[in-house]
Ligand SMILES: [Zn+2]
């Protein structure tokens, strides 16, 4: 086993170096960061390839072959980040500075930290002479933050044989959740679908100085907005929130009551759990007349809508009608991406659970889903048998501290959590591939 302190130090140093490469996407510019990871894993004995869909934006595929018969486990991550406005930060977002026990900078949580922990764990194992039964893959993608056209989507499409795997550990969950005396680590097994749409209302134009000469389409948005302010579609149970509610000691058979009970104990938990329990509708953009003195003949409202994994347009439409009624509007879907999931009880969940029980006695794991999107979606779609989970364990910083820092100012990660996560990846590799 790699020594714990050494693994933590190695992960920390690697993260600091990764943060110093500005990989804000767009444009991404991932080349230099990927070369560093390539060099680290190649020196440890991995067969490495940099595969680029476009110049200067390679994906890294690193493979450690074993001699036995076993599954292929992939440690996955992305090195691109969202933008950072230095004016909002108390440190330079690309400094990788070590301060107050944390590494600071853009990507410290999402997700150069996990990339550093995965690469440090994999390289340390290989350097010690450990070899997998089966194969250990490390795949670090470019272009995740804008959807993966040059990253995961392209790899799964153009290089399926090189990135095919049975199990994958990626981003999506892992921060500890304290609730009612329980300590729960989430494992993200699914991602919700995205069904963004535009609602349109119709009227008749006229001069704004004579209000009733026209028929104002904009005011017809008011009842629709009001409806979405007052309520969300009725809650519905699926395997992931069922697992999470159970782990929190809440009764999943009555989701409404469970959310109320969560809110009584800790309103922050209710805010996070509720969106996992069904379709969500969030109006974000409105447009009507182009001139202040013209009554609009048409008004439109854009709504961000997320749908539980596996469900499509018909289900979304039924839930939208439940909230908005059937009359007075028309709808166009602008994006339709069905979410997907992996099963909950698998050898990979067993390995993660085993590590949690040993690393943090008394704590438990729960499956959860993500309202957003990760590269895992591409792997599940390309390789239907691939079990893809999101897991980056953190306990120094809990879910409520970490969540606002992701894509926010002063993003940082405790050094202790870097060592904690690297230890998890060493354990999972050995457990799955020995
Ligand atoms: Zn990410």
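In our numbering, the protein residues as written are 11 to 444. Virtual Cβ for every residue (Gly too), placed ideally from N, Cα, C. Remember, it's a predicted structure, so these values are computed and weren't measured experimentally.
In the structure shown, residue 88 falls within a strand segment according to DSSP collapsed to helix, strand and coil.
For residue 386 and residue 398, the gap between their C-alpha atoms comes out near 6 Å.
Here residue 311 has 209, 231, 293, 296 as same chain residues with Cβ atoms under 6 Å from its own Cβ, once five neighbours each way along the sequence are excluded. At a threshold of 6 Å, residue 120 counts as near ligand 1, since its beta carbon sits closer than that to one of the ligand's heavy atoms. Under the 8 Å Cβ criterion, the region 404 to 422 counts as touching the region 178 to 190, having at least three qualifying pairs. Checking the DSSP bridge columns, you'll see residue 58 partnered with 72.
In this chain, the alpha helix (DSSP H) harbouring residue 435 covers 425 to 443. The residue among 122, 69, 213 with its C-alpha nearest the C-alpha of residue 151 is 69. The DSSP-derived three-state label of residue 111 is coil. Spanning the alpha carbons of residue 119 and residue 221 requires a straight line of approximately 53 Å. Using a Cβ distance threshold of 7 Å, residue 198 and residue 400 count as a contacting pair. Counting along the chain, the unbroken alpha helix (DSSP H) around residue 283 starts and ends at 277 to 283. Taking the Cα of residue 307 as reference, the smallest distance to any Cα among 214, 187, 46, 276 is reached at 214. For residue 404, there is no enclosing alpha helix (DSSP H), as DSSP marks it with neither H nor E.
The residue from 402, 314, 204 with its alpha-carbon nearest to that of residue 320 is 204.
Measuring C-alpha to C-alpha distances from residue 389 to each of 178, 124, 73 identifies 178 as the nearest.
When secondary structure is reduced to three states using DSSP, residue 214 falls in the strand class. Under the three-state reduction of DSSP, residue 316 is assigned to strand.
Secondary structure at residue 206: coil, using DSSP grouped into helix, strand and coil. For residue 163, the number of other beta carbons within 10 angstroms of its own is at least 16, and it is reported as buried. By the Cβ-count criterion, residue 241 is exposed, with fewer than 16 other Cβ atoms from all chains shown falling within 10 Å of its own Cβ. Within a 10 Å sphere around the beta-carbon of residue 434 sit 16 or more other beta-carbons, which makes this residue buried. For residue 375, no alpha helix (DSSP H) segment is defined; the enclosing uninterrupted segment is the beta strand (DSSP E) at 374 to 380. Contiguous beta strand (DSSP E) elements confined to the region 162 to 186 occur at 177 to 180, taking only those with 3 or more residues. Taking residue 103 as reference, the option from 90, 443, 382, 117 with the minimal CA-CA separation is 117. Exclusion of the five residues before and after residue 121 leaves 87, 88, 181, 402 as the residues of its chain whose Cβ lies within less than 8 Å of its Cβ. Under the three-state reduction of DSSP, residue 64 is assigned to coil, being neither helix nor strand.
Here the alpha carbon of residue 360 sits roughly 29 Å from the alpha carbon of residue 245. Across the structure, residue 170 and residue 45 are spaced so that their CA atoms are roughly 22 Å apart. Cα atoms of residue 332 and residue 309: separation of roughly 21 Å, rounded to the nearest angstrom. Assignment of residue 188 by DSSP, reduced to helix, strand and coil, places it in the strand class.
Of the heavy atoms belonging to ligand 1, at least one sits nearer than 6 Å to the Cβ of residue 181. Where residue 144 is concerned, the enclosing beta strand (DSSP E) starts and stops at 143 to 151.
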